Structure formats: structure tokens, C-alpha cells
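Numbering follows this note's numbering, with no gaps: position 199 of the sequence shown is 200. Okay, so here's the structure we're looking at.
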Amino acid sequence: PALNAILGRSCGSIGLSAVYTQPDKPRGRGKRIEGNAIKLWARENGVPVFQPYRLDQSVRAEIEALNADTILVMAYGHLLPQALVDTPPLGIWNLHTSILPRYRGASPIQSAIASGDLETGVSFMKVVKEMDAGPVLDVEKVKIESLDTALTLETKLSWACLPLLERCLPLVFSDGAIPNPQDENSVSYVRKLTKADGGIDFRRPAEEVAKRVNALFPWPGARFRYGDSFIKVGLADHDALELEASAGQVISLESEGLAVACGTGTLYLKKLQRPGGKMLDAASFVRGFELPVGTVLESVEMASLVSRQIF
């Protein structure tokens with residue numbers, strides 16, 4: 002949605018000179034080398050697309066040759082060198098998917114869900130040398146629903162970019178953008194996620210575990226070990242029902258999902274996936290995969306996603 006807006010469908014006469022995105026990577030079960038959605042969009046719309054492995058001097062010279070007035074960045078995954086930050090006359094602006102100064106860093110969407118926040122947003126901020134530390138021009142807020150996953154929330158945030166761009170781009174191009182400094186006393190940082198973050202600690206409160214599960218879908222994906230296999234969990238819910246059972250013990254199959262005891266409260270695993278299978282609702286999953294009541298699932302300590310210091 003944001004790229005379509007910049008292309009001119011929602012933002013008047015503003016033009017798009019080029020798109021820079023990550024290099025092609027192996028994707029899917031077959032690990033075929035494929036371009037990402039940004040590359041495909043650029044090609045479909047006749048926009049030049051570049052995929053450098055690093056922003057070295059030759060790439061910076063290439064960008065300078067575009068004579069762009071400004072550069073917009075969103076989830077690019079690299080810190081921009083100061084020489085590049087200083088290149089466009091109207092500066093470089095970033096669409097960051099949190100309400101800054103909260104959640105500077107690589108996983109703001111997942112961290113907002115896992116932290117139990119009721120809302121998040123997209124911040125339109127000016128890029129400076131420090132990570133996500135620039136002054137903020139405007140924010141578009143988005144409500145976080147109880148069963149939002151990183152996938153559903155990312156979709157909401159992508160659409161939230163539209164009204165934000167409509168408000169901010171005219172200010173940038175009219176030289177009327179006066180962003181506000183971030184409150185350094187309220188800063189928090191989030192880190193890059195890894196597959197190791199998918200472990201589930203059933204000893205924690207059910208509410209915390211459910212939010213963590215939902216935050217990690219679709220990647221890296223929450224999972225638990227059963228025998229020699231890892232079962233992925235795509236959606237979870239919880240309630241305050243206290244059961245006389247060990248943390249991690251499978252209690253029953255309810256309409257809400259597969260009920261599992263936690264440190265406090267009850268966790269409901271609503272969508273599960275066995276190795277080589279599809280993500281299924283709990284009732285469909287247990288029809289084809291035996292997970293007996295009374296089974297105690299192994300707990301794995303869950304590392305913190307948020308810190309007051311840079312990870």
C-alpha cells in the first residue's frame with residue numbers, strides 16, 4: 002500500500018525514482034532463489050529495482066546519481082552510512098512500525114504483541130546515525146486485537162502507512178516538516194529474532210505465553226517438542242482458569258483449542274502444525290496426530306524481547 006501511494010496513486014505528483022530492497026534469498030520448502038514482494042511489485046510497476054548486498058561507496062554513488070529529493074526507508078534491515086544519510090537535500094525518512102521511542106530495533110511488531118500492548122503504530126521519523134533515534138514528524142496508531150499475530154498486525158500497519166504518508170509527504174516536500182525529538186527517558190530496544198526464540202515456557206502465565214505464541218507467527222514460529230518432533234503453534238488464547246495439573250500438561254480438547262496448563266491460567270493452542278503438514282485448527286490436528294491427555298510438554302525458557310539497553 003505504501004509503495005502504491007508513493008507511486009502517485011494517493012500522494013499527488015510525487016514520483017518514485019527507484020526501489021532498493023534485499024537480495025534474492027532461498028524461499029519455500031524447495032529453497033528456490035526468489036525475489037521478495039517488493040522486487041516483484043517494482044517490476045510489475047516499471048520501477049527500477051536494485052538489490053545490493055551492502056551499501057558501499059559504489060552504491061552510494063549510484064543513489065546520488067538518481068538526484069532524489071528524499072529517500073523513504075521501511076524495514077530495510079541495515080544501518081545507513083552517514084554519507085548516504087547526508088545525500089538527499091530533504092533528508093531520509095523512515096516508516097518505523099512502533100510508537101517511538103518504544104521498540105527501537107528489528108522486531109517492533111512482535112514485541113508489541115508479546116508485551117501485551119493494546120495499541121501500536123507507524124512512526125514517520127527522520128533518519129539519523131543512531132538506530133531509530135531520529136525526531137518523529139507524525140504517528141498513525143493501530144489497535145492490537147486479542148488474537149492478532151505478527152502477520153495480521155503487519156497487514157494493519159502497512160495500511161496505516163497510507164494516511165501517514167498523505168499527511169507527511171506534503172510537509173517534507175514543502176519544507177514544512179518540523180519533527181519532534183524523541184523522549185530519551187522512554188526509549189526501549191528490541192532485537193533480531195532467531196529460531197531459538199520459538200521455544201515455549203509453559204511455566205509462565207498463560208496470558209504471557211499466548212501473546213508470545215501469537216507474536217512469533219509466522220516467523221520464527223512458536224513450537225514445542227513432542228517425542229522426536231517439533232510441533233509448531235500458529236495461534237493461541239488463554240483464560241484465568243486454574244487447573245490442578247503440572248505446567249505443560251495437556252488437559253483436554255475444548256472449543257477454544259487444545260487446553261494446556263501453565264504456571265497460572267490455562268493456555269489454548271488453537272492452530273498447530275506437525276512436521277511436513279499444514280497449519281490446522283486444534284480439532285483437525287488431533288484427529289490426525291495423537292497427543293494424549295496427560296502428556297506433559299517440555300518447557301523452554303523464553304528470552305526477553307525488549308530491553309532498556311541496546312541488545
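Where a beta carbon is used, it is the ideal one built from N, C-alpha and C, also for glycine. Being a predicted model, the structure only gives us computed values, none of them experimental.
Element boundaries [alpha helix (DSSP H), containing residue i]
{"i": "residue 165", "result": "151-174"}
{"i": "residue 109", "result": "109-115"}
{"i": "residue 58", "result": "58-65"}
{"i": "residue 44", "result": "38-45"}
Spatial neighbours of residue i in its chain, beta-carbon cut-off 7 Å, leaving aside the 5 residues before and after
{"i": "residue 115", "result": "212, 213, 216 and 306"}
{"i": "residue 311", "result": "190"}
{"i": "residue 46", "result": "8"}
{"i": "residue 275", "result": "230, 232 and 290"}
{"i": "residue 244", "result": "252, 262 and 267"}
Cut-off 8 Å between Cβ atoms - residues of its own chain near residue i, not counting five sequence neighbours on either side
{"i": "residue 11", "result": "Note that residue 11 scores a pLDDT of 47, beneath 50, so its modelled location is shaky and nothing firm can be said."}
{"i": "residue 89", "result": "69, 70, 71 and 72"}
{"i": "residue 93", "result": "71, 72, 73, 74, 81, 85, 86, 127 and 128"}
Opening and closing residue of the beta strand (DSSP E) in which residue i lies
{"i": "residue 258", "result": "258-262"}
{"i": "residue 94", "result": "93-97"}
{"i": "residue 124", "result": "120-127"}
Close Cβ partners of residue i (< 6 Å) along its chain, the five nearest in sequence each way excluded
{"i": "residue 124", "result": "97, 101, 137 and 140"}
{"i": "residue 18", "result": "67 and 69"}
{"i": "residue 130", "result": "83"}
{"i": "residue 219", "result": "152"}
Environment of residue i [buried if 16+ CB atoms lie within 10 Å]
{"i": "residue 186", "result": "exposed"}
{"i": "residue 160", "result": "exposed"}
{"i": "residue 127", "result": "buried"}
{"i": "residue 318", "result": "Residue 318 lies beyond the residue range present for the chain, which begins at 2 and ends at 312; the question has no answer from this structure."}
{"i": "residue 302", "result": "exposed"}
{"i": "residue 293", "result": "exposed"}
{"i": "residue 111", "result": "buried"}
{"i": "residue 184", "result": "exposed"}
{"i": "residue 39", "result": "buried"}
{"i": "residue 95", "result": "buried"}
Paired residues, beta bridge with residue i - DSSP
{"i": "residue 255", "result": "258"}
{"i": "residue 16", "result": "Paired residue(s): none; residue 16 is not in a bridge."}
{"i": "residue 303", "result": "Bridge partners of residue 303: none, in fact."}
{"i": "residue 208", "result": "DSSP output for residue 208 lists no bridge partner at all."}
Cβ contact (3+ pairs, closer than 8 Å) linking the stretch 167-180 and the stretch 232-242:
Segment contact: the stretch 167-180 against the stretch 232-242, fewer than three CB-CB distances shorter than 8 Å; contact not assigned.
Within the chosen definition, does the stretch 277-287 reach the stretch 237-245 through at least 3 CB pairs nearer than 8 Å?
With a cut-off of 8 Å, the stretch 237-245 and the stretch 277-287 do not count as touching, because too few Cβ pairs lie within range.
Hey, is the stretch 63-83 in contact with the stretch 265-272, meaning 3+ C-beta pairs nearer than 8 Å?
no
Stretch-stretch touch, CB-based, cutoff 8 Å, three pairs: the stretch 42-56 with the stretch 12-26
yes
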